[in-house]
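Structural data, given as structure tokens:
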């Protein structure tokens, strides 16, 4: 079972945060996975890389498996690589190599989402991005 989001502050002693669910609450419900940084939350709810990073840290502290979503809005000439690099570096700030074993990176280019009128990404582009993401993860975690 997986959660579609979580909040970074604990429910006890950190404020009420009505409507939010903490990683501990998810864990106590038997949840194993949580999706963080989804493009819809970034776009529609104004989630920043800093907010996503706080959520990643909190979820990993509860031993949840984090599905970190990254994806560029447009396929601009070579700028999309720097966009993904920034999302990964910011989203994984202060994450240990040991914690990273509970991390899954989900790449979904926003421009390719059918709900946004997008068109399918090409297999060779996905392959190239997969290699690039692995390189960035190696740069971050060694």
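Numbering (the numbering used here), first residue to last: 190 to 331.
For each residue, glycine too, the CB sits at the ideal point set by N, CA and C.
Quick caveat, the model's predicted, so the values are computed rather than measured.
{"query": "As assigned by DSSP and simplified to three states, the class of residue 309", "result": "coil"}
{"query": "Residue 274 and residue 320 closer than 8 Å at C-beta", "result": "no"}
{"query": "Span of the alpha helix (DSSP H) around residue 241", "result": "238-250"}
{"query": "Per-residue burial, residue 225 [other beta carbons within 10 Å of its own, 16 or more giving buried]", "result": "buried"}
{"query": "C-beta contact flag for residue 210 and residue 191 at 8 Å", "result": "no"}
{"query": "Cβ pair count under 8 Å reaching 3, the segment 277-287 against the segment 308-316", "result": "no"}
{"query": "Closest by C-alpha distance to residue 310, when choosing among 264, 329, 242", "result": "264"}
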